[in-house]
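Below is one structure, written out as structure tokens; comments come after it.
Residue numbers (my numbering): 15 to 330.
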């Protein structure tokens, strides 16, 4: 029911204010598709409320099927054969478009780059995620294995489910983490208040296990940091980021989980340090070839922007 104090407001604006996790564009689409009723009838988005109306949301937006498309985007290929591809995904590149995006919002993805580069990719992931067996967050860089064939996809997925594929990450976190070598095993679930986040604070989350080992403790002009080697036994959304943040040591640059956007020098200098991405890099991966069953191992150094930031804050 619309309260009297909302009188005079546009319908779409008021509904958007009541649904903080839903964009105004999505509200307008709901109205256009007659999924919102006012006093039992489909309204116009520009309707001015009087107060006392009964608002009903009777469905969700029906979006056209989204299909990935080829784009000529630079792609660093680390390894390739007839069954798999190993690539170095840069930070800032989404692996694939989200299900809620329209075609215009699905540009610049790793999948699009793969479709331009390779004639064949596994179809198990569907038209939105061809070849994709596992993912990295958009702001995370590093090694990803992509399946060219359905057979390779199934066998790689089986290795992941059996926890036979070993992935190692390099992370820089704020503060000196204690203990220097430890494990976080709290379950992870969606944050109900901020849907873009995950959390360890809800009961009945999904199992998640993260191990870390301190490689270097930094005490420089921008404060204290710990450079970590991180391994995971599970692959939950934002797992490393949310687990490290839950210890009080968020990943540098990860403003979603509590890291500051900009670092000020504690020595009184005017210069600041800003990373512009998460200091999280998938540096190594070990697996068995999905067809030949031979062991494969790949390793990459941290990218130049992370090395520069590390040097600037006093790391080696």
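Heads up, the beta-carbon is just placed ideally off N, CA and C, and yes, glycines get one too.
For residue i, tell me which candidate among the options has the shortest Cα-Cα distance.
i	options	result
residue 106	198, 302, 309 and 295	295
residue 225	110, 245 and 39	245
residue 311	133, 101, 42 and 260	101
residue 219	253, 230 and 236	253
residue 21	67, 266, 53 and 52	67
residue 84	315, 60, 123 and 91	123
residue 301	180, 86 and 202	180
residue 231	192, 203, 215 and 156	192
residue 48	242, 71 and 23	71
residue 94	151, 132 and 59	132
residue 248	197, 16 and 177	177
residue 54	62, 64, 63 and 69	69
residue 235	137, 110 and 328	328
residue 104	125, 143 and 207	125
residue 34	135, 196, 164 and 206	206
residue 208	136, 270, 307 and 326	270
residue 308	266, 267, 97 and 32	97
residue 134	109, 165 and 108	165
residue 108	65, 196, 99 and 158	158
residue 186	266, 323, 322 and 92	266
residue 173	322, 303 and 323	303
residue 250	149, 110 and 291	149
With DSSP collapsed to three states, give me the class of residue i.
i	result
residue 146	strand
residue 93	strand
residue 70	strand
residue 126	helix
residue 26	helix
residue 243	strand
residue 300	strand
residue 213	strand
residue 231	strand
residue 136	coil
residue 325	helix
residue 174	helix
residue 294	strand
residue 218	coil
residue 184	strand
residue 380	This structure leaves residue 380 out entirely; the chain is present only between 15 and 330.
residue 287	strand
residue 60	coil
residue 87	coil
residue 314	coil
Using a Cβ-Cβ cut-off of 6 angstroms (strictly less than) and excluding sequence neighbours within five positions of residue i, which residues of its own chain qualify?
i	result
residue 276	286 and 288
residue 130	84, 85 and 86
residue 317	155
residue 195	227
residue 255	265, 268 and 271
residue 323	289
Between residue i and residue j, what straight-line distance do the alpha-carbon atoms span, to the nearest angstrom?
i	j	result
residue 37	residue 26	10 angstroms
residue 162	residue 299	18 angstroms
residue 145	residue 120	17 angstroms
residue 335	residue 169	Outside the shown range of the chain, which is 15 to 330, sits residue 335, and nothing can be said about it.
residue 90	residue 240	29 angstroms
residue 214	residue 184	22 angstroms
residue 189	residue 280	14 angstroms
residue 153	residue 141	23 angstroms
residue 200	residue 60	47 angstroms
residue 212	residue 204	4 angstroms
residue 18	residue 237	52 angstroms
residue 243	residue 229	7 angstroms
residue 112	residue 314	27 angstroms
residue 32	residue 297	43 angstroms
residue 136	residue 305	14 angstroms
residue 88	residue 222	33 angstroms
residue 325	residue 216	38 angstroms
residue 202	residue 151	16 angstroms
residue 175	residue 73	35 angstroms
residue 138	residue 82	14 angstroms
residue 278	residue 210	27 angstroms
For residue i, I'd like the list of residues in its chain whose CB is within less than 8 angstroms of its CB, leaving aside the five on either flank, ordered along the chain.
i	result
residue 30	36, 37, 38 and 41
residue 272	259 and 264
residue 57	25, 45, 50 and 51
residue 334	No statement about residue 334 is possible, as the shown extent of the chain runs from 15 to 330 and does not include it.
residue 63	16, 20, 21, 22, 23, 24, 25 and 28
residue 118	At residue 118 the pLDDT is 49, less than 50, meaning the model places this residue with poor confidence; the figure from the coordinates comes in the next sentence. For residue 118, where only same-chain residues beyond five positions count, there are no Cβ hits under 8 angstroms.
residue 128	89, 99, 101, 135, 144, 145 and 160
Can you name, in chain order, every residue of its own chain whose Cβ lies under 7 angstroms from the Cβ of residue i, other than the five neighbours on each side?
i	result
residue 320	293 and 295
residue 171	147
residue 198	224, 257, 260 and 261
Per the DSSP calculation, residue i is bridged to which residue(s)?
i	result
residue 18	Note: residue 18 sits in no beta bridge, so no partner.
residue 31	Note: residue 31 sits in no beta bridge, so no partner.
residue 52	55 and 69
residue 204	212
residue 224	198 and 246
If we define contact as Cβ-Cβ less than 7 angstroms, is residue i a contact residue for chain B?
i	result
residue 64	This model lacks chain B altogether, as it is built from one protein chain only.
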